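Heads up: the structure comes next, in C-alpha cells.
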Amino acid sequence: MRKILLLCLSLFLFIFSYAQQVVSGHITDEKGMGIEGISVREKGAGGGTTTDKEGYFTLKVSNANAILIFSGVGFNEKEVSLTGKKSVDVTLTSSAVTLGNVEMVGTRSPKRSATETAVPVDIIPISKIADASGMVEINSILQYVAPSFNSNRQSGADGADHIDPATIRGMGPDQTLVLVNGKRWHQSSLVNLYGSRGRGNTGTDLNAIPAAAIERIEILRDGASAQYGSDAIAGVINIILKQSVKDLTINASVGEHITGYGSSLDSDQGKVLDNTSDGLQYNANMNYGFKLKEGFVNLTGDFLRKNKTYRPNYSPLYPDNYRSKFGDGSYNNYSAYLNNTIRLNNRAEFYSFGGVNYRNGDAFAWTRNPGSERNVTAIYPNGFDPHIQSKITDLSWTMGLRVKMGVWNMDLSGITGSNRFHFEVDKTLNASLEENSPTHFDAGGFQLSQSTANINFSRAFSRIAKGLNLAMGAEVRYEQYQIFAGETASWKQYGPVVFSIDGTDTTFRPGGSQGFPGFQPKDEVRAGRNNVAAYIDAELDVSEQWMVGGAVRAEHYSDFGFTENFKVVTRVKTSDFLSLRGSYSTGFRAPSLPQVYFSSTFTNVVAGQIVDQVIAPNRSPLAKAVGIPKLKEETSSNLSYGFVARPFKGFTLTVDGYHVKVKDRIVLTGLFTNDDDAIGQTLQEQNVGAAQFFTNAVSTTTDGVDIITTYNTRLLGQGRLNVTVAANFNSMKIDNIRTTAKLEGKEDVYFGPRERAFLIASAPDHKIGLTLDYTISRLNAMIRLTHFSSVNLTNWNDDTDHYDHKLTTDVAIGVKITPNLHLTIGGNNILDVYPDHHDPGLTETGGMWDAVQMGYGGAFYFVKLGFRLPTK
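The sequence shown begins at 234 in my numbering and counts up one residue at a time.
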C-alpha cells in the first residue's frame, strides 16, 4: 500500500504542469439572493457540481467556450455560454410548473432554498464528496459531514455487524424517516439486540443504496411526523438519485488500514511496535444516463469488497480475554439502481426508480475456549471462533405519474420494498451432538416488506398575500413481517449430554449452533398490518419578510388505532443579513413489526432439565401472562428555534436549537429468570428459564444545538476556498422508567443502569468538524478535523468505562490528469487515533474498545481513480 501511495505522489509531480479550464460563479434568484443546491453541469459532458449555501460554485470544464446548464427545484433551467470567461454570474427565474422535480424535504413549496426554510435542512452533495473521499458507504460519509448524524461499525453484535445502526441527534435508529426521491423507503428487517447503539430498535439500511447512484442527500433536522408520518420524530433523510445523461462515469478505489494496533502489544500502553495493515477495501462502480426523446434513464452498478480487520484483544493490563478474534467483519456488496422519467405530454410525466442490493457478510462471534462445555475437542482441539454469516437482499421499486391538472399538480405513486436477512453460522458446532456435529448451519432469518400507494395534490396561490402554497394527500400502506426457521441442528438440544472437566463439576452441553442459535419452528411468524393516512400542508408568505406554515396529519393503524399530529412553523426575515426561524410539532412512531413479533428461542439444559431462554413476542401468551402490555406508538413533542445569518459575502451561519420529548419509547427489557420472586413461577410453568420482552418503558428529553458555518472565497487568483465548521451539541436525559404492575420496583432489571448508559450514549455530547476544501485549476485539496466528545458507558461490573475526547484528521489531494480522468489519494484518521481501551472482559464488544466515537479501524489510506466519458 505504501508503494502505491509513493507512486501516486510521483504521478502528481509529473502531471503538475498540466492546465485545464476552471470556471466559477454565483447563482442568485430574482431577489438577488444566492441559491443553494443548484445543479451546474457542462452541456454534452454531464457530471457537474452543485452550488453551496451562498450560491457559489466551481467547475472544471473541457474548453473555454463550453456551455453551462443551470437547473434546480422550482427554477427554470438556463444555458449560458462561457465564450472564454472564467467567471459567470447567473440569475434564475422561478418555475410555475414543477413537473419532473422533487420538492425539498421539510417544505412542499417549490420556491424555497435550504436557507429559506423555517426548519434546518442540510444539502449534502454526495457525488462530489464521494469523488474526494475514500469513504464509499452512505453511513461513513454522513458520519463526518453531517454533525448530528452518528454511525459506527459494530463487532460481536450478531446482525448489527452486518447492518450499521445510525442516529440523528442521538435519537433511535428507527426515529428517522428515510425517503428516496421524496418517497417513503422501507426499513430493515433487523431489530438490534446487542451493540452500543439502537438496542431494541429497527432502522434503515442506508448502505444498501450505492453512493454512485446519488446526486445529493437532504437531511431535515426537525420532527416531521405531521408532514411525512411515522418514524420522523428525529428528522428525515431524503436521498435524491442522479438524473445525468450522456455521461459515463467509472470509479475504482482501493484502500487499507495501516495502523499501530496489531496482534502484539507492549505492556504499558497496549500499542504495537510495528505497524500492521488489514481491512483491504476495493470498490468499483459505473453510472450512465441515456437521453430519451422525452426523458432519461440513469443506471448505476456498484461492487464493494471489504476484508476483516483484526484488532488486538489481549494486554498484560487486561488479562481477561473472551474473544481471540475481534474487529470489523468482511462482506461483498453488490448493487444495481435505476432512475427514470418519461414526459408523456406537456402536462404529464411518468417516473420510476429503485434497485436491488445483495450483501453477503462474515463476522466473528465470541471465542469458545478448548475446555468449555461449548466446545468439542475432537472437532476443535484448540477451541474455535464461530463465524456469523449473512445473506441480505434489499429490493425496492417505485412508479408514479405527475400530472398538471389545471392549476393543481397531482402526484400518484406506488412503492414496494423488502429487506430479507438470512443467517448462516460457519466454523462452529452443536455441542449436544458432540463429535457428530456438523460445522456449518443454516440458522434461518427474517424479512420485512412494505407496499405503499399515495396521491398528493399541490398548488400555488400567488394572489393570496405574497403567495400561498397548499398541499394535501392520502396514503395507504401494507407491511408484512416473517421469521423463518433454520435447519433442525441449528437450534435443537439433543439431550442433556453430560460434560465435566475434572469428573466432579458436572454441567450439560448446550444445543444449537454456537455463536448464533438458529430460529426454531416455534419462533416462526407471518404477520401484517395496514394503515391509512391523510394530511394537509400549507405555507403562507404573509409579506416579503414573514412566512408562516402548518401541517396536520391523521393516521389509522390496524394494530394500535388512530393518531393525529400537527406542526406549525414560521420564518421572519429581520434584515437582508438575518432571518429567524422556528417550529413546534407533535410526532409519533408506530412500533415496528419486528418489535411486535420478533421471537428468539435458545434451548439449554438447567439441572438436567431442558428449558428455553427466550425473547418473547410482545403478543405471545407468555408476555400476556407476566403482564407485559401490547406495544403502542411512541409520541413526541419537538421545539426547534434558530437563525440564519449572512453578515457578509460568502459567509453563512446557521444556529438551530432543539428540545425533544419522547414518551413511551420502546426498549428491550433485561433478562428475567425463573427464580424471580414476581414472575419466576409463571416462567417455570411455561418451561422458560429466562425471558426478555419489548415494552414501552422509557420517556426521554433531548436538548441540543446545531451550528453550521460556511465561508467561500477566492484565494490565490482563480482558486476557491470553502471553509465549513459544523457542530452538534446534544444532551439526553431519561425522565422516567415505567414498569408493569407485577414488576414494580424492578427498574434495575426492567431497564437497568447499563442499558440506560447505552441509550444516553447513542451520540457523543458533541461532535465538531472543520473542513477546508481548496480548488485551483486541476488541483483539489481537502483537510478535515473532527472532534468527538468523551463518552461514558457502563461495563459488566456496573462500573463506568470512560472514553476521553478525541480528534481525527482526514486529508485528500485530487488532480485532473486529463479532462476525463481524475486521481485522488488520501487518508482518513491519518494520525491513527483510537478510543481509550478498556478491559475486554468487561466491554460490550468483548474487545478493548466499544463502538464509540471514530470506531476502532484506525488509520485508513486510499487511492481513487475516476473516469468520465461524455457521449453524444
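Every residue gets a Cβ at the ideal spot worked out from N, C-alpha and C, and that includes glycine. The structure displayed is predicted, hence computed values, not measured ones.
Can you tell me the Cβ-Cβ gap for residue i and residue j, rounded? I've got them flagged as a contact below 8 Å.
i, j, result
"G1060", "A1014", "Rounded, the Cβ-Cβ distance is 13 Å, inconsistent with contact."
"G903", "Q919", "That belief does not hold up - the Cβ atoms of G903 and Q919 are roughly 19 Å apart, past 8 Å."
"R556", "G782", "That pair is no contact at about 53 Å."
"G751", "E720", "7 Å"
"E622", "V658", "Checking the displayed sequence, the identity of residue 622 turns out to be Gln instead of Glu. The pair is a contact, with the Cβ atoms about 7 Å apart (cut-off 8 Å)."
"G647", "A686", "5 Å"
"L802", "A457", "Before going further, note that residue 802 is Val rather than Leu in the sequence given. No, V802 and A457 are not in contact; Cβ-Cβ is about 10 Å, not under 8 Å."
"E445", "N518", "Looking at the sequence itself, residue 445 is Ala, so the reference to Glu does not match. Correct: roughly 4 Å between the Cβ atoms."
"V273", "L301", "6 Å"
"Q476", "F529", "6 Å"
"S964", "D1006", "S964 to D1006, Cβ: 31 Å. No contact."
"A664", "P603", "With 8 Å as the limit, A664 and P603 do not qualify as a contact, their Cβ atoms being about 13 Å apart."
Specify, as a first and last residue, the run of the beta strand (DSSP E) that residue i falls within.
i, result
"D355", "V354 to I357"
"T934", "V921 to R947"
"V1120", "The requested residue 1120 is not part of the displayed model; the chain covers only 234 to 1105."
"Q514", "T509 to L525"
"E489", "D480 to T492"
"N969", "R953 to I970"
"P1103", "F1093 to P1103"
"G794", "G794 to K806"
"V294", "That residue, V294, is in no beta strand (DSSP E); it is neither H nor E in DSSP."
"H259", "V255 to T261"
"S384", "F382 to S384"
"S320", "S320 to T324"
"D1034", "T1033 to Y1036"
"V1024", "V1024 to T1027"
Residue range of the alpha helix (DSSP H) that residue i falls in?
i, result
"L992", "P986 to I993"
"D981", "E980 to Y983"
"G1060", "Where G1060 is concerned, there is no enclosing alpha helix (DSSP H), although the beta strand (DSSP E) it sits in stretches over L1054 to N1061."
"N372", "I371 to V378"
"G405", "Careful: G405 lies outside any alpha helix (DSSP H) and carries neither H nor E."
"A459", "S458 to Y461"
"L916", "G913 to E918"
Opposite residue i in the DSSP bridges: which residues?
i, result
"R601", "F617"
"Y564", "K539 and G594"
"F303", "V273 and K311"
"E708", "N687 and A766"
"I648", "T631 and T685"
"Y891", "S873 and G937"
"L1018", "L1003 and T1042"
"H655", "K624 and G678"
"I450", "I357 and I472"
"E772", "N702 and G782"
"K1049", "H1055"
"E1077", "Per DSSP, none; premise fails for E1077."
"L1117", "In this structure the chain extends from 234 to 1105, so residue 1117 is not present and cannot be described."
Cα-Cα, which of the options is closest to residue i?
i, options, result
"V956", "G587, N566, I993 and L1018", "L1018"
"D1083", "N1030, N1025 and G1047", "N1025"
"F654", "V709, T631, E667 and Q680", "Q680"
"G728", "E720, A718 and T740", "T740"
"V255", "I268, R987, N296 and K524", "N296"
"G392", "R430, R454, H999 and G405", "R430"
"T291", "L1098, A1045, L1012 and L1054", "L1012"
"N414", "F884, V958, R449 and S422", "R449"
"K966", "I941, L954, A996 and T942", "A996"
"I357", "D889, S381 and E451", "E451"
"E866", "F694, S825 and T316", "S825"
"G560", "A923, E527, T600 and L439", "T600"
"G639", "F690, K293, H673 and W630", "F690"
"A960", "D889, D981, G1088 and G522", "D889"
"T542", "L513, G534 and N945", "L513"
"G587", "G534, N615 and R635", "G534"
"Y944", "E287, G267, F732 and G270", "E287"
Quick one: complete alpha helix (DSSP H) runs, 4+ long, within the stretch 714-769? Listed in chain order, nothing qualifies, since the stretch 714-769 has no complete alpha helix (DSSP H) run of 4 or more residues.
If we require 3 or more residues per run, which beta strand (DSSP E) segments fall completely within the stretch 818-876? 833-839 and 842-849
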